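Residue numbers (the working numbering), protein chains in the order written: chain G, 1 to 432; chain A, 433 to 825.
Virtual Cβ for every residue (Gly too), placed ideally from N, Cα, C.
All values reported here derive from a predicted model rather than from experimental measurement.
For reference, the structure discussed in these notes is given below.
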């Protein structure tokens, strides 16, 4: 319909007046102004919408529906218009009209939050649990966090979150039972990855990726604790436990050479360490530090040094090899953090382990056992704690990621030297 | 005024609104109230930092940024503000390290508000100057070590590009089901799949069958069929769009006999392929057609227990395919396998139609036991929900 240019200006003026009128509660005046607008343009979308909302608030659903229907007949481009119609149809208990209006809204924008909320609500009233679960999950995905969400939508999104969790728990219980005979028929196979996939799917575990702070090497599998079979030398390391521990005990007696584990300057972007920075509660006795032997310390641990020399220690000048005795004081917690690069993995050989100590990498929490070693990817979020009243001591050292070829290792070594050449050695501990 | 615990988020929003109005003083007061209540999150500290910057109180800004970064070390806004501050102080190298950390850790651009997108673009530009010098030194160093990129393999080259900020890290993002501990590989090495030899060798025969199918203009269906039950905005333009068409031989685990009998040599070429087989879901085998000028927007697939193979059959110039940070040009008769749960897209800028043969294979890292359990899992899900499964490629 063609509206005279003067008519458009007049509509705008009338509309401004009507907004002021309705905001200050002068409803009769607003109604009069709307009528005048509709005389000029009977299909004026915003005015029809305002009129419908007014009728809706008054509880006059038949009128609201007539007006909202006219909006979608003459425009219908905005999901909101269809949702007005859906809400009105719901109040009129016309489920078919409600459903078709919701479908039209979501066809325009399948991620429309209010549209999804109305659809979930309808499906729940219809007892369609599984269909509703899909929509509730979609709601939890498209909704902003609750604290950034429009207050009037919060209860519905909270409901969707709770319902999704409940559904996941029911599904999990069903799947556990259903898969039980499959697990039994495959007893003895290594099914850890599959079990984890199931737990992640039903929300019992989180997905953890490798998140190196500095240098990401692509195409490597993000594995929390590696399988022992990848590291045949672990047997030799464990066999040397007593020798290594005896050397450490002598060092501890002398009480020299220990430094705080974390010694960052305060203004670098690795603030994950704020609490333990420069703290004696987590301290280290370095044998190799930033790629070099710490001679005065190494001299006190000759057997440990001999052992380390036989292992696949990485070579990144100015960074690694790194090897140290790590001392975690009673009642100390190392907060969750991620390491610098996934080209190297970290080995722990447990030496002195009181009760109530633990170590988590990603989803998996383990207890150190004296004399046992493991290798983990420190670029996956990990944390450690000593809740006992005694000291915990672990020998920690870097090794090459076993899935890197010799050629790749030598490139990485050269790359590190290149970074050093560029920086002139400044900020080494902070790079690569 | 006392503040209840639930007010903090609402208050933070009102602080942000004050900032947008240009009321830095009011915004600062608001954020300081949140801090005083002990309920401040990184969002509030960043808001406080913005307010202090506008009020030219750089000491207070730095203090707020420290708090924000302690709570969220990868907060993009806080990293850029801190970098700007260091740059103003004349500490170019420290600034660069914050800019590059911000660029590396930022969420996808499409998820960012416009102002942050601009800030990030600026951060990128600031990084680039230093990165250019850095790159020259690195390449020189690597050459002097007697190593050439050609010998070092694709993984290392990619690691270098990521380190230099020339490429981004892409992760698997399956919509439906994530299988852990798998390497995140965009395109697999061709050598990993010796059975592709037979498929490639049959290219001419497969193409001849395709040409026959193409004579029937109605044979191909739109690739994405409308389904308003699912919020998948990323492919909106392609829904029910004949620009991207499919002719299925297998669809969602079912053999389409009428189609298969028209393409016997194609079926035969696939006889040794480890097609992934999940009841009512997989495999799908199809000719995928992309009309002139069409673009399949970036999207990621449903499950990472399969890979997708392409055998290009009819490829005009100016066609390309991107998976993560790797863009490749299809070549007729040369197949590749890629992880479709890593963001990917395709385009045809030519004036002719592009057609490939597409099929799903098991991910090679999965053991037989794992494959059988994946099948059992999806059967269980279908048994539980009683719904028709929705998978697509």
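Beta-carbon spacing of residue i, residue j below 9 Å
i	j	result
residue 70/G	residue 88/G	no
residue 397/G	residue 308/G	yes
residue 511/A	residue 475/A	no
residue 255/G	residue 330/G	no
residue 440/A	residue 483/A	no
residue 779/A	residue 752/A	yes
residue 206/G	residue 362/G	yes
residue 692/A	residue 630/A	no
residue 671/A	residue 657/A	yes
residue 615/A	residue 246/G	no
residue 400/G	residue 314/G	yes
residue 462/A	residue 443/A	yes
residue 395/G	residue 290/G	no
Residue i in three-state terms, based on DSSP
i	result
residue 774/A	coil
residue 54/G	helix
residue 829/A	Nothing about residue 829/A can be reported from this structure: the residues present for chain A run from 433 to 825 only.
residue 317/G	coil
residue 84/G	helix
residue 383/G	strand
residue 598/A	coil
residue 799/A	coil
residue 616/A	coil
residue 695/A	coil
residue 192/G	helix
residue 757/A	coil
residue 625/A	coil
residue 393/G	strand
residue 345/G	strand
residue 446/A	helix
residue 92/G	coil
Residue i versus residue j: straight-line alpha-carbon distance, rounded
i	j	result
residue 379/G	residue 715/A	35 Å
residue 705/A	residue 789/A	13 Å
residue 606/A	residue 736/A	6 Å
residue 448/A	residue 382/G	34 Å
residue 407/A	residue 730/A	Outside the shown range of chain A, which is 433 to 825, sits residue 407/A, and nothing can be said about it.
residue 547/A	residue 553/A	10 Å
residue 19/G	residue 31/G	11 Å
residue 199/G	residue 808/A	15 Å
residue 569/A	residue 596/A	12 Å
residue 491/A	residue 151/G	35 Å
residue 703/A	residue 680/A	16 Å
residue 530/A	residue 599/A	17 Å
residue 738/A	residue 712/A	15 Å
residue 473/A	residue 284/G	33 Å
Cβ-based burial, residue i [other Cβ within 10 Å; buried from 16]
i	result
residue 783/A	exposed
residue 369/G	exposed
residue 158/G	exposed
residue 184/G	exposed
residue 365/G	exposed
residue 61/G	buried
residue 287/G	buried
residue 435/G	No information on residue 435/G is available, as it lies outside the stretch 1 to 432 that chain G covers here.
residue 367/G	exposed
residue 82/G	buried
Extent of the continuous alpha helix (DSSP H) to which residue i belongs
i	result
residue 167/G	154 to 185
residue 358/G	No alpha helix (DSSP H) contains residue 358/G, which is instead part of the beta strand (DSSP E) from 357 to 361.
residue 38/G	27 to 40
residue 831/A	Shown here, chain A extends from 433 to 825; a query on residue 831/A therefore has no answer.
residue 276/G	Note, residue 276/G: premise wrong, no alpha helix (DSSP H); not H, not E.
residue 499/A	490 to 503
residue 224/G	Where residue 224/G is concerned, there is no enclosing alpha helix (DSSP H), given that its DSSP letter is neither H nor E.
Residue interval of the beta strand (DSSP E) (run including residue i)
i	result
residue 608/A	Looking at the DSSP string, residue 608/A is not in any beta strand (DSSP E), and its letter there is neither H nor E.
residue 683/A	676 to 683
residue 708/A	Premise fails: residue 708/A is in no beta strand (DSSP E) and is neither H nor E.
residue 332/G	332 to 337
residue 111/G	Looking at the DSSP string, residue 111/G is not in any beta strand (DSSP E), and its letter there is neither H nor E.
residue 731/A	727 to 731
residue 296/G	Segment 295 to 298 is the alpha helix (DSSP H) holding residue 296/G; no beta strand (DSSP E) there.
Neighbour flag for residue i against chain B, beta carbons, 9 Å
i	result
residue 231/G	Here the protein chains are G and A, and chain B is not one of them.
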